[in-house]
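Just below is one structure, and these are the notes that go with it.
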Amino acid sequence: MKKIIMLICVLLLFGCSNTIKPVEEETKYLTKDEMSETLYNYGVEIYNQKKYVSIEKTEGEYFISLNDLSNLNYDISKFVNPNGNHESCDKEKTGVVIDLDNVRKVEYEKYPLMVSVFCD
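Just add 10 to wherever you are in the sequence shown, counting from 1, and you've got my numbering.
Here it is, written out as structure tokens:
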């Protein structure tokens, strides 16, 4: 009887270890539409707060690249290619265009903003 109780105690102490593994957080990658929406929202904020004046104006437009957004303390960590290799988007070509002089002759809905996403 003592042997059976000892065996059960040993099994309970050492046989039932914690087998639940912590769930690793899956990195969520933005789709191109979500990237465009995020860039547009950043652009609206930059436009309203007139942060674009610190960026050089070329050909009548302000182009704020991902590098510029990073310098303005915006989070660009999720701007990666959602397909395949998950490499960062082109930090010089991806960004927001603020077209104050309407150089492109576009009818803007509310803000003179255009978004370009290069993540291939």
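Glycine residues also receive a C-beta, built at the ideal position from the N, C-alpha and C atoms.
Endpoints, beta strand (DSSP E) assigned at residue i
i   : result
L49 : Run containing L49: none in the beta strand (DSSP E); it sits in the alpha helix (DSSP H), 42 to 58.
Secondary structure of residue i, DSSP reduced to three states
i    : result
V113 : coil
Y62  : helix
V106 : strand
V20  : helix
L123 : strand
K38  : coil
D85  : coil
D130 : coil
Identity of the residues DSSP links to residue i by a beta bridge
i   : result
S98 : V90
F73 : V107
K67 : Y72
Residue i versus the options, residue with shortest Cα-Cα distance
i    : options             : result
D130 : K101, Y72, M16, Y62 : K101
D111 : G70, I65, V54       : G70
Q59  : T48, L82, S46, E47  : L82
N51  : T68, S64, G105, V63 : G105
> On the three-pair Cβ rule with 8 Å, is the segment 77 to 92 touching the segment 112 to 126?
Replying inline: The segment 77 to 92 vs the segment 112 to 126: no contact.
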